[in-house]
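The listed protein sequences derive, respectively, from chains A and B. With the numbering used here, letter number 83 in the first sequence gets 71, and the count goes up by one each step, no holes. With the numbering used here, letter number 261 in the second sequence gets 398, and the count goes up by one each step, no holes. Below you'll find the structure, written out as structure tokens, and then a few comments.
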Amino acid sequence: MRVLVCLKQILDPDVPARDFEIDPAAKAAKRGGANLVTNIFCENAIETALQFREAAGDVKVTALCYGESSAEDCLRKAMAMTVDEACLVEREGNTNPDAAAVGQVLAAAISRLEQDGGPFDAVLVGRESGDWGTGQTGGVLAEELGRPALGFVESLSPGNGGITLRRQTDVGIEVAEAEPPFVVTITNNEDNVPRIPKTRDVMMSYRKPLQKVSLADLGLDGDEIRNGFSSFEVEEIFVPTDEVDCELAEGDTLDERVDQLARKIHEVVASIG
Amino acid sequence: MDPTQATREVFWNIQYTWLVYVLMVPTLAVFGWGFWLKIRRWRAGQPAVRFDRLGERFQLFLRNAVGQGRTIKSRYAGLFHSLVYTGFIVLFLATTVVAIHHDTPLHIMKGHFYLIFQSLIVDIFGLFVLVGAALAAVRRWVSKPAKLVYTDEASWILVSIFVMALTGFIVEGWRIAVTDDVWAAWSPVGNLFARASDPLMSDAAMQTGHVVIWWFHLLVAFGFIAWVPFSKMSHVFTAPLNIFTANLDGYGGSLKAIDFETAERFGINHLGDFTWKDLLDFDACTECGRCTDVCPANTVGKSLSPRDIILDLQALMHERGDSVLANGNGNGSGNGDAALLPIIDQKTAVSPEALFSCTTCAACMEACPVHIEQLPKIVDARRYLVMEEAEFPEGMMDMMNSLESRQHPFAGTQFSRVDWTEGLDIDVMADMDDPAEAEVLMWVGCGGALVERNRNTVRATAKLLKKAGVKFAILGREESCSGDPARRVGNEFLFEMLAKGNVETLDRYGVRKVVTSCPHCFNSFRNEYPQFGGSYEVYHHTQFLDQLVGSGKLPANGPGAQAGNGETITFHDPCYLGRHNGEYDAPRNLLAQVGGARQVEMHRSRNTSFCCGGGGGMAFVDEPPDQRVNQERAQEAVDTGADVVAVGCPFCATMLDDGVNARRGERDVKVKDVAELLWDAVGETEETGEAAS
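Encoded structure:
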């Protein structure tokens, strides 16, 4: 069996608030002193795939990323976590393609990988990214591939003929039997915390081959991807500011202060209307 | 009675004396064979350079082997050990004198030498052995401290020593009584036995008894000698050798780098991967238990026991080591499976749980009378677990993840590396036209910049440096973790990456002098970065500030000169400043500058200081509520009655803050860094426009 995990490299979401800045012209976050990391749900997806491989046996796990050359780090880390092979679709320039474009690119790359190495039984995508958080890539990718999709999956295990999926819902855990091929989005739970790679695997990850392809290699028009597929446009982007206006209720006694406070609440409520 | 003719007959009353020489042959053969086995085992270990710097080694040998420097630090045990130790040496010399007198033409056992040394002094030291053994017996069978290991072997050793000394006096006494020895007064203890026996026994009975006891004494002594290499009495030889071959570089430099390109395994989980010195360590242990007695993790009830780690490894080496070491030739190249005998075992003292509760405080190594190196072995086993098995506590995992992706261990911090400089106008190397203008790099450290309660410490340090006119700069966002927590938990790979990165950054700016307020960074820079090509003049902030005060650049009589307010201060020695690097005085000198304050010492201070619980990556691990090292230490600080617990380390500060808050009761006890207290005392400065807080 073959399992594919899609990864996204994002700006470290744990960057201290004061270090986070927006570039209003580019309508994007500034890199600043922040580091680039693998989106956490994507790491959960890697861990889920590896655990499935450990349970099912003969499974080959492939990692795929559409990103800048720096995203090679994410794929190396995935290989250190013992993903079998990795492929980077090189993104040129500092663009923020939307889910429609990303889905298009990933689908093309998956087709290419499947031509070379056979079909993927399961494609795993993180639930959402820690930067834009639109949560659409999984669905769009499934549509592009023409495969069924399930969201909020927390584990895969070998089932009767198919693959058993556990997914989180508002009312509890839903267990589904799925027949490959399919696409799932992975959410986190206490069992798919990404593993720390063994040092020897970290060292080996730099010796494993990493396939790199360009949009042109996939038969895609780079300009079209960058410009043509956007289903929406970012109007403005800013860091919300908390404005706190603090006023202390005055008065000599507690009763007076409570009165004062009640009166103030009335005023505020009345002003909001 | 001519004292120049005084002597006694060797082998008085003894026939078949040739039997002594016959018995000596198997005795010495077994003795030699036993040590040959040991030496063969050690030689199968990996190489280690421990016969260099002979001058220093000889000094250490004189101080701590011959001089028993560390043994006597424990009063009671030190006393009885000294009695037995000196007694045995003198009795051995006396036996040698007898041998020379009897078996060579040099008849030296006569005259004043016979009376003063061979009779009086030998009697006194023989009594030492008797008394020493009795005191040891009281400890082993009456007071029974928990740190001891209660084995039959230890009991038999004690009984044998006592019996040898006692029978020696009995035969001497009966000889004196039967021969009416005119020099009896020179052998006071033997004479006492003679006087006591005289009214009770006939001469004939004493003469017969003398023969029996004499042979019994000889058999016990010869049996004891043959037994030495197979019991913990082998420490008579292994301990001095272990002290002679001890690590001379201090605890701070005791961890070795790994060559990741060539290493077959990372860390140690196999007997065959230890060096010969490690294997010698196992054989040198005297089971005294002082290491476990001072271990912070053990004190609060955790399973870590440095003594049991050494003894379990010793047992493994004795029971199964010969085939491993001999066949495997120590490097796994020979009889592969045997050489891979694992040492980490859930069922022994070398369990992952125990290994991961070590704070790397080095109290065990400081307490060990024979210089066994427990800490590097614990870290080597951690290295195996972390790098080969990826097995470690959750808190350490978060810390390492953060180090990997953010180069600092404090995941979720709300501060950047430069936030603390607000309003202080501090130069950042990258923004300077000529970074060489900065004479000193102030290495802030993650614990100083990113943890809220420590930002005051680094602010105070920076303000003090400014006031003293020191030209310094920081690296700002270019600073990253020194790697200390990674190295202590066993992630040598991560440590090496961080260390190399920092050396590269510092070399790019031509940094020569580094001042840091974190003893962990201090230790890494000072003792560990030279392994990666980084050699700097490194100071802990207390050392540097102490120099500034000493040279008059920091006047201590500022507006806050009486900032002490009559308060009592107790200083908590950080392990990585004190034990690991030997600095105890600088912080205390600075506290003496805080006018109006009084210093008190905790019971465990200076080189016997008790860890705050934060070292070795433990600051990132959630300890069980009833096993918190920081609370144990905080209680000790609170019990001194001090108003202020002074610290010199950001980890100690946070650990003791938590601990003191849990243990201070109704009393107001503050935890403050020495730099903060000094700034209060030095007072406001025009340069920064900031008043003392």
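No residue lacks a Cβ here, since even glycine has one placed at the ideal position from N, Cα and C.
Check: Tell me whether Tyr194 of chain A sits in a helix, a strand or coil according to DSSP, three-state version.; Outcome: coil
Check: Inspect the beta-carbon positions of Ala314 of chain B and Ser334 of chain B and report whether they are closer than 7 Å.; Outcome: yes
Check: By how many angstroms is the C-alpha of Thr316 of chain B removed from the C-alpha of Leu138 of chain B?; Outcome: Note that residue 138 of chain B corresponds to Met in the displayed sequence, not to Leu. Roughly 15 Å between the two C-alpha positions.
Check: With burial defined as no fewer than 16 other Cβ atoms inside 10 Å of the residue's Cβ, what is the status of Gly91 of chain A: buried or exposed?; Outcome: buried
Check: So if I threshold CB-CB distances at 7 Å, which residues from the region 15 to 37 of chain A count as touching chain B?; Outcome: Gly21, Asn23 and Val25
Check: Would you tell me roughly how many angstroms separate the C-alpha atoms of Ala231 of chain B and Ile258 of chain B, rounded to the nearest one?; Outcome: 10 Å
Check: Between Arg743 of chain B and Val775 of chain B, is the Cβ-Cβ spacing less than 7 Å?; Outcome: no
Check: By Cβ distance below 8 Å, which residues in the same chain neighbour Ala95 of chain A in space, the five residues on each side in sequence not counted?; Outcome: Leu129, Glu132 and Leu133
Check: In terms of residue numbering, what span does the alpha helix (DSSP H) encompassing Gly269 of chain B cover?; Outcome: Val259 to Val275
Check: Per DSSP, which residues does Trp580 of chain B bridge with? Please list them.; Outcome: B:Thr653
Check: Going by C-alpha to C-alpha distance, which of B:Lys809, B:Val737, B:Leu602 and B:Leu540 sits closest to Asn591 of chain B?; Outcome: B:Lys809
Check: So, using beta-carbon positions, are Ile10 of chain A and Val227 of chain A closer together than 7 Å?; Outcome: yes
Check: Quick one: Cα of Pro656 of chain B to Cα of His677 of chain B, how far?; Outcome: 6 Å
Check: At the level of alpha carbons, what is the spacing between Phe170 of chain A and Pro136 of chain A?; Outcome: 5 Å
Check: For Glu827 of chain B, collect the residues of the same chain with a Cβ closer than 6 Å to its Cβ; drop the 5 residues on either side in sequence, then sort them by chain order.; Outcome: In this prediction, Glu827 of chain B has a pLDDT of 48, which is less than 50 and means its spatial position is unreliable; nothing more can be read from the coordinates.
Check: Comparing alpha-carbon positions, which option in A:Gly106, A:Gln124 and A:Val113 lies nearest Leu(-5) of chain A?; Outcome: A:Val113
Check: Does the ligand FAD have a heavy atom nearer than 6 Å to the CB of His249 of chain B?; Outcome: Among the ligands in the structure shown, none appear at all, so the ligand FAD cannot be discussed.
Check: Take the Cβ of Asp86 of chain B as the centre, count every other Cβ of all protein chains shown within 10 Å, and call the residue buried at 16 or more, exposed below.; Outcome: Not covered by the structure: residue 86 of chain B. The range shown for chain B is 138 to 830.
Check: Would you identify the three-state DSSP class for Val235 of chain B, choosing helix, strand or coil?; Outcome: helix
Check: Sort out for me which residues DSSP pairs Tyr54 of chain A with in a bridge.; Outcome: A:Val77
Check: Would Met67 of chain A be called buried (16 or more neighbouring beta carbons within 10 Å of its own) or exposed?; Outcome: buried
Check: Taking C-beta to C-beta, are Leu76 of chain A and Glu60 of chain A nearer than 7 Å?; Outcome: yes
Check: Around the Cβ of Ala475 of chain B, are there at least 16 other Cβ atoms within 10 angstroms (buried) or fewer (exposed)?; Outcome: In this prediction, Ala475 of chain B scores a pLDDT of 47, lower than 50, which makes its location untrustworthy; no coordinate-derived value is stated.
Check: With C-beta atoms as the reference, is Ile307 of chain B less than 7 Å away from Asn406 of chain B?; Outcome: no
Check: Quick one: residues in its chain with C-beta nearer than 7 Å to the C-beta of Met792 of chain B, no 5 flanking neighbours on either side, listed in chain order?; Outcome: Cys749, Gly750, Gly751, Ala756 and Asn767
Check: Nearest-angstrom Cα distance between Tyr251 of chain B and Ala236 of chain B?; Outcome: 14 Å
Check: Excluding the 5 residues flanking Ile447 of chain B on each side, which residues of the same chain have their C-beta closer than 7 Å to its C-beta?; Outcome: Asp418, Phe419, Cys422, Ile509 and Gln511
Check: With three or more C-beta pairs closer than 8 Å as the rule, is the region 769 to 785 of chain B touching the region 734 to 742 of chain B?; Outcome: yes
Check: Could you list which residues in chain A have their beta carbon closer than 9 Å to that of Thr550 of chain B, in chain order?; Outcome: Asp2 and Pro4
Check: Got a sec: which bits of the region 632 to 646 of chain B sit with their beta carbon under 9 Å from any beta carbon on chain A, in order along the chain?; Outcome: none
Check: Do Trp323 of chain B and Ser256 of chain B have their CB atoms nearer than 7 Å?; Outcome: yes
Check: Within 7 Å of any Cβ in chain B, is that where the Cβ of Arg64 of chain A sits?; Outcome: no
Check: Could you compute how far the alpha carbon of Thr705 of chain B sits from the alpha carbon of Asn593 of chain B?; Outcome: 21 Å
Check: Check this for me: beta carbons of Val577 of chain B and Lys650 of chain B, under 7 Å apart or not?; Outcome: yes
Check: Provide the residue(s) that pair with Gly160 of chain A in DSSP beta bridges, ordered along the chain.; Outcome: A:Thr157
Check: Classify Ile260 of chain A as helix, strand or coil using the three-state DSSP reduction.; Outcome: helix
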